[in-house]
Each structure stands twice: as structure tokens, then as C-alpha cells.
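Trainee:
2 protein chains.
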Amino acid sequence: MKITRPTLIIDEVKCRANIEVMAQKANNSNTELIPHFKTHQSKEIGEWFKDYGVSKITVSSVKMAEYFAEAGWNDIYIAFPCNVLEVESINRLADKISLTLLFSNVVAIELLSDQLTSKVNARIEIDTGSDRSGFKNNNFEGIDSAINLINESELINLIGFYSHAGQSYKARNAKEINAVFDDMKSQLLVLNKKYELPISCGDTPCCSVVTHFDEFESIHPGNFAFYDVMQAQIGSCRFDQIGIALATPVVDVNHVTNEIVVHGGGVHLSKDEMIESKEVSYGKIVKFNKEGWGDPLEGCHVKSLSQEHGVVKATVEVCNSVKVGDILGILPVHSCMTADCMGYYYDLSGNIMSHLKSSY
Amino acid sequence: MKITRPTLIIDEVKCRANIEVMAQKANNSNTELIPHFKTHQSKEIGEWFKDYGVSKITVSSVKMAEYFAEAGWNDIYIAFPCNVLEVESINRLADKISLTLLFSNVVAIELLSDQLTSKVNARIEIDTGSDRSGFKNNNFEGIDSAINLINESELINLIGFYSHAGQSYKARNAKEINAVFDDMKSQLLVLNKKYELPISCGDTPCCSVVTHFDEFESIHPGNFAFYDVMQAQIGSCRFDQIGIALATPVVDVNHVTNEIVVHGGGVHLSKDEMIESKEVSYGKIVKFNKEGWGDPLEGCHVKSLSQEHGVVKATVEVCNSVKVGDILGILPVHSCMTADCMGYYYDLSGNIMSHLKSSY
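Protein chains in written order, with my numbering: chain A, 1 to 360; chain B, 1001 to 1360.
This is the structure in C-alpha cells:
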């Protein structure tokens, strides 16, 4: 494949290995892996998961549920606070497939139950520390109200509690990730015992590092299929497990500043950033080879992004080895966002794979 | 129009007023407005500019040039360091339309001139302080080499110098913006006199605040058509000149923390951020009304974004006035990036307008 423009490359072997590890681990705990498809948003990549026993999926919007329902998935969980304005689409979907919604407050339950025409499953969202949405685990008054409202509705079937422990993204090693997981688990187990309802969780750091999920009915990670530089920094993965890289044409090399300008900007990578050695980074640099790409180049990172430009801070050696017209690879800080920006993928053999963004 | 999902709304009246002001100002200076279409990337919105005398346009990639060439524009300037890997596309385009390329180094000129089959125009990029790409204005050796290489090529016609004074984005008022402009102008005038070649520039802060461009052959701003919260902070515009807003469904309201969760995340707004009153902000909050939307709500901003969630920090009053199922508007920090994320627009009458992203 001849690359001339910013192009998102996927290494199927690495991604399948990531999926297999997670599926095996869930299986060992007698827990169901219901992977989050918001990371890849691709009907072709979605098919890979079937080879590892996956039959139910998680998404983050009604639109994404519609896309994957059309691709043949018939058991879909929308792990985003129920958007009651989309009740018509929800009814259409629930009429065709097994649909599970997430409720983070009583108002949405009240509004939705008035307008539902088809049966849906429901999970109640518990905020175990991400401070984004959901009931606190000790808000029994709120949880009781939610359960009562759901039970009053003939069309909503409560199937459990769900928590996305987004606080795990602040962890930086396995010990800290395990501490987040243990705290989340103990919070959810209180509810599991009190209400006799299953519990589920979903963040990639916990699902990657923790080895046993026996108390959980299901796990819903997404990012693990691709991983990225942020997940490597957190401690969820090694660099050689990262399954996507943005190929970018080199358009300028500055031997005074040791900076390389590539065609690969915020519209390609997204502006998600991280801090490494006190410097802002938008990604690590790799070189492509016959097998895919190599390890990140020591001392190199994307230091700034504009709409179409990426500026790479490089070492003298790397600068001397790169010239205008070459291609450099960038391992993204946040692969879900990069995939969403790009809207399609090429595998290492040059086959194109679609993304929800390229389907409308 | 019934909004149920994150939807990008454009106020045509505000955008046309922004375009008219810029066109009038360029006209007063006998300078040509060659607007940058990377902001809207829309063939329909592109048509509006023709009503203000625009016949040439600026873009930031060969792909964007192809899109607008197909839409009928026949004089296009790619204001991005020439990507020699795209020579085949460049030749195809240059065969059909008047194409101008930007050269930021001699290597690209050498490589391209070997493979060119059609005539192109060229500008030489001067780095007047943005520290991204281009020749420093006192790098006469480099500039001389570039000019000689261009003059040796039968197919490349040198038409001037170009500088994007991206350093103006660090300014915070008209005085600071004018200082950036004056410095850029004096740097470019050295070259203008030495080489007897026209000069051009393009950043929106300078083009918005400065009143006279008599020394410049052309100006190439893009963002000014929409403006955004960042431009308001810099001092380029007023809030009531911002021409796009992201409509987002409210999915949770937390009266303990005074936070509102909306369906509108990094995949909709982009992760471009700014600091205001020492807090990170991803946008200002507005309410929609019959005429469009009102002024930003005091004391409210988007404090965090995940892939699909936006968390709005609000006042008690605003929190009490908003409920699950409502729609809130977000004025973006960076409108070009938000438009690129969304991939299409609706005007206030509900007509859809396309974007390059939705065309492939």
C-alpha cells in the first residue's frame, strides 16, 4: 500500500491478541465480556470479536446502536445516560433487538416510561468515584426511587447495576489500578447484597490489570482492543500491544530545532493529550517496517498539533534519519478519539475498514 | 426542527455578516480576501462567499482542494507545506484549475519539480514567530536557494511570500494583536523589498483586529466566518458574532454539584480547550430561542469532556432552570475543529449543509 496522506493503520494480529486475552480472562472468572464498540465503531472490526465468543455488545449512543443493529448485532447495551429525546429511535430499536439502557437519574425513567412502546432492559448507573453521572452507592433513597419507578413500568426490566470507574485513568501502575477496582467492587457489592441484583463494570485499566471478576456478571471494556499511549502510561498495556498507528507524511525537517513537521493534526489524531516527563505529548513516534511498525523512538513525541500540522520533537539521530517525503507513524494518546477523527482504517495488507463516521 | 441528538447549528446571518465585514475591510485596503475554507469545509457554505466578491480560496490539504475543485472553485491555494507524496493528485488538480502551493523548505521544491507535469503557482512560507514551519525572514541563504530552485523549474511560478502568524493566538487584546501584526509586517516587508515579491498573511486575530492591509497582496483568514470562544478571548470578536453552536441533549442534572451532563463530548466538540479564570473550559453555554441562541450564560462553562459526555459547570439558577430532556447550546472553543468532528451542519431553518468529512 502506498501511503500519501494521513492514514490510520490497524494491526489485526495485535488487536485480535488483545481481544483474546480479555475474552479468556472473562471466561476464567465466569464473567461475560460485553465489549464496548465505541473504540472501533467498525462493523468489520466488530466481526473479529465473534471469534472469541462475543455475542452482546456495548455502545455509547443510540446512533451507534442503530449502526451495529444494522450490522446484525441483536443484543446491545447503550452505556450512556438515557437520552429521552431519542425515544422514537429507542422504540424502533427495542422492537427489533434486545436493548439495554442505562439510567443515571429518576427523571429519565419517568419520562421514558411514559413513551416506551417496546420492552427494554435497564441497568442503574452507580458513580463509584468518576464524578460524572449516576447515583452514589449510598444514595439509597435515589436508588430505591429508581428501582420503584422501573418496577412500575411494564416495559422496563431491571437487570443490574453498572459503574464506569473512570477514576482508574488517574492511576499510573497496577497497584493503583487494583486499588480503584477493589474500592469500586466493594461499593457495588453493597448494592449487590442489598438489592440482590448483578453488578457490571467497564473501564479498560481495571479490566486489563485485574485478573478476577468473579463477583461481576459482565465486563464492558472498549479501548483494550486497540490500546494507546495513555493506556501504556496508566499501566494497562505494553507499547507493543498498541494496535493502531496514524501514518503521517513528513513535510518539513528542522535540523536547528530537531523538530519534524508531519501532515497529521488535531483533525486526524484528536487533541487528546498527556503529560510525560513534564512535557505535553500528543503521541509517540514509530517507524513502519515490513511487519507493521517498531517500538516507539526514544526521546521523540508529538509536541504540538494544529488543525492539520503535527510537530514532532525528535532527537538529532532521528532528525538525521528522516527526510521530507518519508512517512512517520504516530501511536495515539487516545485511540478511540483518533479512530473517530479518521473515520476509516486500513489493515497492514491495505484493506479498508469502515467506521460509523464514514457511514453517514 | 426537532433536535434529539448532538447537532451543529449554524446561524447564516451571523456568518454572512462576518464575511461581509472582512470582505469590506480587504476591499478598503485594495487587498484580496482569499478566505481559508478549512474552517467550514462545506460546499454550500462556500457559496455564501461569492456574494461578497470572493473568487479564490485557501485550503489546508490536497484532499480539501479536490473537494472544492469538484464544487467548482478554480483558483485554490493549499496553505500547508507541500506534501510531495501527493504529487499525482497535485498534477491532476493543476491540470484542471489554477493551483498554488506553499513551500517551506528546499527539499520539497527539489522533489516536486522532478515530478510535476502541470503548472503551479508557489508561495514561500516565512516563519515570523509561530515556530512551526517555513524559513526565518533572515535566512537569506535558504530563501535564495528556494527562489533559485523555483526559477529553475519551468512549471513552478513564484508569486510571493506567505506567513501564518499563529503567535497571534497568544494575544489577549487588540493592542497585543496589533503588535504581532506590526512585527510580522516589518519582517515580511524586508523580503518584499529585497526580492520584489508580494506578501500575504492569514491568521484570524490579525485579520479581524487590524484595519489596514495595504502592504499585503492578499489575506487568507478562515476562522472569522464562524468565530468561537477562543477568538472572543483573544479579542478577535464579540460573543454575539459567533456563528455556530452545538445543540446538546441534557441527560443528567446534579443539584448537589450544580453540574449538568449533556450528550456532547470530545467526538462532537473536539478536545480543544482554553483557560478562563484559571479553569479549563471546552465551551460556553447558551440557550436556544426563536431567533437562534442568546448570550453565553454567566458563570457556566463545559468543564470536562469524555468521548460522548460533556459536563457543564453551572450556577444554581441555571441548574434550576434546566431539566433532563432539554437542549443546551455550546459555543465551541475552536469552531474549525468542532465542524470537522461533526461533519455536517443544520441552519436555523433545519436545512442540512455538508462538510468534507461527510462526503467520503
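Ideal placement from N, C-alpha and C gives every residue a C-beta, glycine not left out.
(1) From the DSSP output, in three-state form, read off V1316 (chain B) for me.
(2) Quick check: the Cα distance between N1157 (chain B) and P332 (chain A), rounded to an integer number of angstroms?
(3) Between the alpha carbons of G160 (chain A) and N1320 (chain B), how many angstroms are there, rounded?
(4) Of the residues that make up the stretch 259–274 of chain A, which ones have a beta carbon closer than 7 Å to any beta carbon in chain B?
(5) Taking CB distances under 8 Å as the criterion, tell me whether T117 (chain A) reaches chain B.
(6) For E1110 (chain B), which residues from the same chain have a beta carbon less than 7 Å from its beta carbon, with the 5 sequence-adjacent residues on both sides left out?
(7) Where are the beta strand (DSSP E) runs, 3 residues long or more, that stay fully inside the stretch 260–322 of chain A, in chain order?
(8) Whose Cβ in chain A lies nearer than 8 Å to the Cβ of S1061 (chain B)?
(9) Distance, Cα to Cα, Q1024 (chain B) vs G1243 (chain B)?
(10) Would you tell me roughly how many angstroms separate the C-alpha atoms of S186 (chain A) and T211 (chain A), rounded to the nearest one?
(11) Would you call the stretch 1053–1066 of chain B and the stretch 1032–1042 of chain B in contact, with 3 or more CB pairs under 8 Å?
(12) Since S358 (chain A) and Y344 (chain A) are thought to touch, with beta carbons under 8 Å apart, how far apart are those beta carbons, to the nearest angstrom?
(13) Just reading off the beta strand (DSSP E) that R1123 (chain B) is part of, what are its end residues?
(14) Check whether chain A comes within 8 Å of R1132 (chain B), counting only Cβ atoms and requiring the distance to be less than that.
(15) To the nearest angstrom, how far is it from the Cα of F224 (chain A) to the Cα of A165 (chain A)?
(16) CB I78 (chain A) to CB A94 (chain A), shorter than 8 Å?
(17) Can you tell me the Cβ-Cβ gap for F1239 (chain B) and A1232 (chain B), rounded? I've got them flagged as a contact below 8 Å.
(18) According to DSSP, what are the bridge partners of F1103 (chain B)?
(19) Quick one: Cα of F140 (chain A) to Cα of F103 (chain A), how far?
(20) Quick one: what's got a C-beta closer than 8 Å to N30 (chain A)'s C-beta in the same chain, skipping five residues either side?
(21) DSSP on C1341 (chain B), reduced to helix/strand/coil?
(22) Quick one: grab the DSSP three-state call for C1237 (chain B).
(23) Between the Cα of N1027 (chain B) and those of B:V1286, B:V1062, B:N1351, B:E1217, spot the shortest distance and give me the residue it belongs to.
(24) Suppose only complete runs of 4+ residues qualify. What are the alpha helix (DSSP H) ranges in the stretch 181–241 of chain A, listed by chain order?
(25) Against C82 (chain A), what residues of chain B qualify as contacts under a CB-to-CB distance less than 8 Å, listed in chain order?
(26) Would you call the stretch 265–275 of chain A and the stretch 1110–1127 of chain B in contact, with 3 or more CB pairs under 8 Å?
(27) Note down, in chain order, each residue of its chain lying with its Cβ closer than 6 Å to the Cβ of Y67 (chain A), except the 5 sequence neighbours on either side.
(28) Would the beta-carbon of N289 (chain A) fall within 8 Å of that of V1324 (chain B)?
(29) Alpha carbon to alpha carbon, what distance is there between V84 (chain A) and L112 (chain A)?
(30) Note the first and the last residue of the continuous beta strand (DSSP E) segment covering L328 (chain A).
(31) Is the stretch 1193–1205 of chain B touching the stretch 1008–1016 of chain B in the sense that three or more CB pairs, one from each, lie closer than 8 Å?
(32) Against E86 (chain A), what residues of chain B qualify as contacts under a CB-to-CB distance less than 7 Å, listed in chain order?
(33) To the nearest angstrom, how far is it from the Cα of M274 (chain A) to the Cα of Y282 (chain A)?
(34) Taking only beta-carbon positions, decide if D340 (chain A) is within less than 8 Å of chain B.
(35) Among all the DSSP beta bridges, which residues are the ones paired with H36 (chain A)?
(36) Would you decide whether R123 (chain A) is buried or exposed? Buried here means 16 or more other CB atoms lie within 10 Å of its CB.
Mentor: By the coordinates alone:
(1) helix
(2) 38 Å
(3) 30 Å
(4) V261, H263, G266, V267, S270, K271, D272
(5) no
(6) L1149
(7) 274–276, 279–281, 283–286, 301–305, 309–313
(8) R5, H263, E308
(9) 19 Å
(10) 16 Å
(11) yes
(12) 5 Å
(13) 1120–1127
(14) yes
(15) 15 Å
(16) no
(17) 5 Å
(18) B:I1124
(19) 15 Å
(20) D214
(21) helix
(22) coil
(23) B:E1217
(24) 204–209, 229–234
(25) V1251
(26) no
(27) L356
(28) no
(29) 6 Å
(30) 327–332
(31) no
(32) T1004, R1005
(33) 7 Å
(34) yes
(35) A:T58
(36) buried
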